[in-house]
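Chemist: Take the sequence shown: its letters are residues 304 to 859, numbered as in the working numbering. I'd like to ask some things about the structure below.
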Amino acid sequence: MAYEPRGEPQGDRAGGQDGAFVRAPRGRRPVTDYSATVTHWLRNRAPNYKGPYTGESERPSASYIVDMVPPIGRPTRSVDSIPTKHLHSSLNKIKHPINVVRWTPQGRRLLTASTSGEFTLWNGTGFNFETIMQAHDSAIRALEYSHSDEWLISGDHDGVIKYWLPNFNNVENINAHSDPIRDLAFSPQDNKFVTASDDSTLKIFDFTGGVMESKLEGHGWDAKSVDWHNRLGLIVSGSKDHLVKLWDPRSKNCLTTLHGHKSTVTKVLFEKVQGHCLATSARDQTARIFDLRIMRDICLLKGHEKDISTLTWHPVHANLLTTGGMDGSVFHYLLDTPNPPAGHPLTVSPWDSPDPASTPAQSVWPMHKVPYAHDYAVWSLDWHPMGHILASGSNDRITRFWTRARPGDTEVSQDRYHIGEAAAEAQGTWDRRGNRKQRQEEEQQELEDEADALVDQDARPGAPPGLSNIPGLLPGLGGVPGLGGANGVPPPPLPGMVANPIPPPPFPLNGAPLLPPLPGFDPSNPPDAAKIFEMMRDAGISIPPDFKPPPGGSTF
């Protein structure tokens with residue numbers, strides 16, 4: 304993916320005389336442009352019966368950046384999609400912890416929900432601020448898009464669910480629970496959705512009518528997470544009672560209970576590509592992979608030093624799983640690559656064992672670690688629909704974007720997100736003062752973006768932006784007549800003007816009568832200059848000292 308880092312002009316690009324730097328302009332934003340990689344892949348791909356991808360293979364050199372292809376072009380090369388590079392950090396003017404991050408279905412924007420009840424939209428290419436709105440009166444805990452991409456539902460700390468259109472018009476509110484809602488999930492046909500709440504229950508609602516159809520009871524403590532299989536009539540839930548339960552939504556019966564975790568279950572999520580596996584994470588520093596075909600856990604994900612707070616599956620590679628920790632770390636696992644560290648034995652997967660029913664789950668360690676991705680707990684992770692950018696939201700009030708490194712980029716693992724600020728500063732890969740300056744520039748840019756984006760959505764369409772600042776327009780009008788006022792707001796009426804003014808008299812053309820003469824002057828006997836001067840002196844108006852009367856007693 305194309306990437307433009309921040310930087311100041313150097314050499315012949317510097318301003319001033321003889322290339323002397325005069326004023327440091329604001330650095331360019333990092334931008335990902337995936338159109339070139341998609342075009343390259345479409346140009347070189349071939350049908351399945353003709354064999355695999357025939358384009359140039361990527362090699363560890365910057366000259367091979369043009370040969371990069373999107374994840375969908377290399378579905379068997381999941382290791383190439385691991386997001387090791389930090390792209391951008393986005394933060395609001397008034398900072399609040401980020402509870403949920405969700406990419407819009409088309410991947411053009413990222414939607415974040417905070418503890419203040421606000422929705423914030425970030426551009427998916429330049430990562431700049433686009434708009435913000437007050438969506439809920441309390442902290443937003445859950446967001447979910449429908450499979451048809453036509454609806455968005457959100458749940459908050461007060462137990463309220465809201466329906467949203469793609470343009471973020473709120474069309475329905477439901478008082479679903481008396482306690483906070485922790486998670487939401489749509490059914491495969493989008494005609495129902497399920498909620499998980501701190502009241503220890505799951506509720507299934509009819510989406511069209513907005514009424515509860517059934518209640519799933521069985522957990523002994525807060526229900527922290529829920530998911531609905533994207534093709535099957537199967538619901539999974541995780542609770543503070545350490546249990547993971549599988550439910551039949553039609554009979555409302557619990558099909559089975561998994562006892563693999565030893566602490567609060569923080570996230571449960573079905574794999575979306577093949578639909579064979581279920582991932583669960585808990586506050587026991589582990590995550591587990593459960594195979595629905597043999598009804599047992601097959602992988603035990605290790606490596607976290609603190610509790611695991613969330614996880615997400617890659618949208619293209621079924622074997623790539625990403626987890627976020629309470630210490631701000633982000634780990635990436637390849638389920639078919641155990642990658643044991645030194646001193647740990649290599650275990651066998653139940654699928655490779657002659658007795659899969661009794662073989663213990665295979666231990667898998669992370670393929671890549673980002674130990675300092677955030678300063679505090681990572682609450683939410685979400686992949687771009689194309690699978691090339693990962694977004695993370697954290698309790699440190701920052702939303703960060705991650706992508707895979709470009710060919711030839713050898714300093715990715717030496718930044719402050721991988722080795723820490725102190726070590727990166729010692730190696731010269733991070734400057735504390737420069738980072739502070741960059742952060743200030745980013746905050747200033749976000750403020751400018753926010754000021755440009757905040758407009759009255761209910762106002763009538765008006766003049767184009769900036770039209771009210773054209774010199775020569777009358778003060779108070781705020782725009783050109785007929786186009787409305789500034790920002791679409793109609794200008795206030797001028798003092799003394801009525802709603803229906805008297806039309807002007809006809810212009811003296813084509814036989815129209817002449818206008819009546821002004822009072823005080825006789826058109827047939829115009830006044831001379833001496834009379835004008837006398838009238839000006841009587842009125843107290845001074846005559847210009849250099850003014851000369853017309854010669855010969857001429858009149859005006």
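Beta carbons: idealized from backbone N, C-alpha and C, even for Gly.
Helix, strand or coil for T613? Go by DSSP, reduced to three states.
Modeler: DSSP places T613 in strand when its eight states are reduced to three.
Chemist: Can you give the beta carbon distance from V529 to D486, rounded, assuming they're within the 8 Å contact cut?
Modeler: So it is a contact: roughly 5 Å between Cβ atoms.
Chemist: Mind checking who V633 pairs with in its DSSP beta bridge?
Modeler: V633 pairs with G627, V673.
Chemist: Check whether the segment 575-585 and the segment 603-622 are in contact - that is, three or more C-beta pairs closer than 8 Å.
Modeler: Segments in contact, yes.
Chemist: For the beta strand (DSSP E) containing S598, name the first residue and the last one.
Modeler: Before going further, note that residue 598 is Met rather than Ser in the sequence given. Premise fails: M598 is in no beta strand (DSSP E) and is neither H nor E.
Chemist: Distance, Cα to Cα, V617 vs P386?
Modeler: Looking at the sequence shown, residue 617 is not Val but His. Answer to the nearest angstrom: the Cα atoms are 11 Å apart.
Chemist: What does D391 pair with, by DSSP beta-bridge criteria?
Modeler: Before going further, note that residue 391 is His rather than Asp in the sequence given. According to DSSP, H391 bridges with F704.
Chemist: Which residues mark the beginning and the end of the alpha helix (DSSP H) in which T340 is found?
Modeler: Element bounds for T340: 338-347.
Chemist: From what residue to what residue does the alpha helix (DSSP H) around E520 run?
Modeler: Per DSSP, E520 belongs to no alpha helix (DSSP H) and is neither H nor E.
Chemist: Helix or strand or just coil, what does DSSP make of G864?
Modeler: There is simply no residue 864 to check, as the chain begins at 304 and stops at 859 in what is shown.
Chemist: Helix, strand or coil: how does DSSP classify G262 here?
Modeler: Absent from the model: residue 262. The displayed extent of the chain is 304 to 859, so no value can be given.
Chemist: Are at least three pairs of beta-carbons, each pair with one atom in the segment 651-666 and one in the segment 361-375, less than 8 Å apart?
Modeler: The segment 651-666 is not in contact with the segment 361-375.
Chemist: Measuring only the C-alpha atoms, how far is A727 from W733?
Modeler: Cα-Cα distance, rounded: 5 Å.
Chemist: Figure out for me which residue from C580, A499, K543, G563 has the closest Cα to the Cα of N533.
Modeler: Closest by alpha carbon: C580.
Chemist: What residue range does the alpha helix (DSSP H) around A727 cover?
Modeler: 724-730 is the span of the alpha helix (DSSP H), which, as asked, contains A727.
Chemist: Just checking my contact of D594 with G563 at CB under 8 Å: how many whole Å lie between their CB atoms?
Modeler: Wrong, their Cβ atoms sit about 13 Å apart, outside the cutoff.
Chemist: Here's a check: name, in chain order, each residue in its chain whose Cβ is nearer than 6 Å to the Cβ of D841, leaving out the five neighbours to either side.
Modeler: Nothing listed; no residue qualifies.
Chemist: Rounded to the nearest angstrom, what separates S845 and F836 at their Cα positions?
Modeler: Rounded to whole angstroms, S845 to F836 spans 9 Å at the Cα level.
Chemist: Apart from the five residues just before and just after S441, which ones in its own chain have a Cβ nearer than 7 Å to its Cβ?
Modeler: Closer than 7 Å at Cβ, skipping near neighbours: G420, D459, H460, D461.
Chemist: Please state if the CB of T504 and the CB of A488 are separated by a distance shorter than 8 Å.
Modeler: Against a cut-off of 8 Å, the Cβ pair of T504 and A488 comes out as no contact.
Chemist: Taking all protein chains shown into account, decide if V514 is buried (16 or more other Cβ within 10 angstroms of its Cβ) or exposed.
Modeler: When all chains shown are included, V514 counts as exposed.
Chemist: Following the continuous beta strand (DSSP E) through R444, name the residue where it begins and the one where it ends.
Modeler: Element bounds for R444: 443-448.
Chemist: From this set, E475, Y466, N622, which residue's C-alpha is nearest V382's C-alpha?
Modeler: It is N622 whose Cα lies nearest to the Cα of V382.
Chemist: Contact between the segment 680-693 and the segment 396-413 is defined here as three or more beta-carbon pairs at a separation below 8 Å; is this criterion met?
Modeler: These segments touch.
Chemist: CB-CB under 6 Å to H677, same chain, minus the five flanking residues each way: which ones, in chain order?
Modeler: Closer than 6 Å at the Cβ level, and outside the excluded window around H677, lie G631, S697, D699.
Chemist: What number of angstroms, rounded off, separates the C-alpha of R346 from the C-alpha of L624?
Modeler: So the alpha carbons of these two residues sit roughly 30 Å apart.
Chemist: Between which two residues does the beta strand (DSSP E) containing D459 stretch?
Modeler: D459 -> beta strand (DSSP E) spans 455-459.
Chemist: Name the DSSP bridge partner or partners of S417?
Modeler: DSSP output for S417 lists I401 as bridge partner(s).
Chemist: Excluding the five sequence neighbours on either side, which residues of its own chain have a C-beta within less than 6 Å of the C-beta of M800, listed in chain order?
Modeler: Because M800 carries a pLDDT of 48, less than 50, the predicted location of this residue cannot be relied on, and no value is offered for it.
Chemist: Go to A582, then tell me how far its beta strand (DSSP E) extends in each direction, as first and last residue.
Modeler: 580-585 is the span of the beta strand (DSSP E), which, as asked, contains A582.
Chemist: If we ignore side chains and look at the alpha-carbon of each, how far apart do E433 and N395 end up?
Modeler: About 11 Å.
Chemist: With a floor of 3 residues, list each beta strand (DSSP E) that falls wholly inside the segment 528-581, ordered by position along the chain.
Modeler: Taking only runs of at least 3 residues, the beta strand (DSSP E) segments lying wholly in the segment 528-581 are 538-542, 547-551, 556-561, 568-573.
Chemist: Apply the 10 Å Cβ neighbour rule to D255 and answer buried if 16 or more other Cβ atoms are within range, or exposed otherwise.
Modeler: It is not possible to answer for residue 255, since the shown part of the chain is limited to 304 through 859.
Chemist: If you follow the alpha helix (DSSP H) that F508 is part of, which residue opens it and which one closes it?
Modeler: Note, F508: premise wrong, no alpha helix (DSSP H); beta strand (DSSP E) at 505-509.
Chemist: Tell me which residue opens and which closes the alpha helix (DSSP H) that K834 is part of.
Modeler: Looking at the DSSP string, the run of the alpha helix (DSSP H) that includes K834 is 832-841.
Chemist: Looking at the unbroken beta strand (DSSP E) that takes in Y679, where does it start and where does it end?
Modeler: From DSSP, Y679 is part of no beta strand (DSSP E); its letter is neither H nor E.
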